[in-house]
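Engineer: One structure, as structure tokens, below. Some questions next.
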Amino acid sequence: MNAATFTYPDVGATRLGPLPDGYHHLHHRTRIGRGRPAFEAAGAAVTTFALHRRSGAGVAATSPRAEQGTGVRVSLGVGRLRVTAPCQVVWTAYEKDRTGFAYGTLTGHPECGEESFVVELGEDGSVWFTVTAFSRPARRYARLAGPLVPVLQRAYARWLGRTLTRIARDA
């Protein structure tokens, strides 16, 4: 997988913003715990794709942890209703109080855009998880789903937050 296969021009926009016009925007923030152990456990779960796997998604990645250029195939659903979404990691953050990554859509993904997953440790010790995305339909069935797609994306972001809260709590 290489950068030439991205299906959108605004590669990296979830890192610094602003999110580009012409897309549905998603920003979901969840308080998932407190303290450095919770932050470290959550950051590891996000960057090793364990969060996605524990949330019920299938994940195949070209490296064990998110690094720029890592190819990722996320799949959801069962049988004929299983949707596979090829992506590539466009940026990572491995900082003292901020850990995460973003991936962008590749040819064959039902949507076109980018999504980031970031864990932050606040000065007060609170640990926050943020999902930021911009997307629009790329495949016919995604266009036919119309306004249902953003609702499903928001529900999935909330589910990721609840899953990561459990992971951080067990740390």
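Per numbering that gives the first Met the number 0, the very first residue in the sequence shown carries number 0; after that it's consecutive.
All residues carry an ideal CB built from backbone N, CA and C; glycine is no exception.
Report the residue from 104, 105, 90 whose alpha carbon sits nearest the alpha carbon of residue 98.
Structural biologist: Counted from its first residue, the sequence shown places residue 98 at position 99. Measuring from the Cα of residue 98, the nearest candidate turns out to be 90.
Engineer: Counting Cβ pairs, one atom from each stretch, are 3 or more of them under 8 Å apart for the stretch 142 to 151 and the stretch 115 to 123?
Structural biologist: Contact between the stretch 142 to 151 and the stretch 115 to 123 is absent, because fewer than three Cβ pairs lie under 8 Å.
Engineer: Return the CA-CA distance between residue 165 and residue 53, expressed in angstroms with no decimal places.
Structural biologist: Numbered from 1 along the sequence shown, position 166 holds the residue referred to as residue 165. Numbered from 1 along the sequence shown, position 54 holds the residue referred to as residue 53. Those two C-alpha atoms are separated by around 10 Å.
Engineer: So, using beta-carbon positions, are residue 131 and residue 29 closer together than 8 Å?
Structural biologist: For the purposes of this step, residue 131 is identified with residue 132 of the sequence shown, where counting begins at 1. For the purposes of this step, residue 29 is identified with residue 30 of the sequence shown, where counting begins at 1. Cβ atoms of residue 131 and residue 29: not closer than 8 Å.
Engineer: For residue 169, tell me which candidate among 15, 61, 33, 26 has the shortest Cα-Cα distance.
Structural biologist: Along the sequence shown, one-based indexing puts residue 169 at 170. Of the candidates 15, 61, 33, 26, the one whose C-alpha sits nearest the C-alpha of residue 169 is 33.
Engineer: Using DSSP with H/G/I as helix, E/B as strand and the rest coil, what is residue 130?
Structural biologist: Taking the first residue of the sequence shown as 1, we reach residue 130 at position 131. It is a strand residue.
Engineer: Secondary structure at residue 154, three-state DSSP: helix, strand or coil?
Structural biologist: What you label residue 154 is simply residue 155 of the sequence shown in a count that begins at 1. Reduced to three states, the DSSP call for residue 154 is helix.
Engineer: Candidates 144, 137, 88, 76: which alpha carbon is nearest residue 106's?
Structural biologist: Numbered from 1 along the sequence shown, position 107 holds the residue referred to as residue 106. Answer by Cα proximity: 137.
Engineer: Could you compute how far the alpha carbon of residue 48 sits from the alpha carbon of residue 65?
Structural biologist: Locating residue 48 in the sequence shown gives position 49, where the first residue counts as 1. Locating residue 65 in the sequence shown gives position 66, where the first residue counts as 1. When rounded, the distance between both Cα atoms is 8 Å.
Engineer: By how many angstroms is the C-alpha of residue 56 removed from the C-alpha of residue 35?
Structural biologist: Walking along the sequence shown from the start, residue 35 turns up at place 36. Walking along the sequence shown from the start, residue 56 turns up at place 57. About 27 Å.
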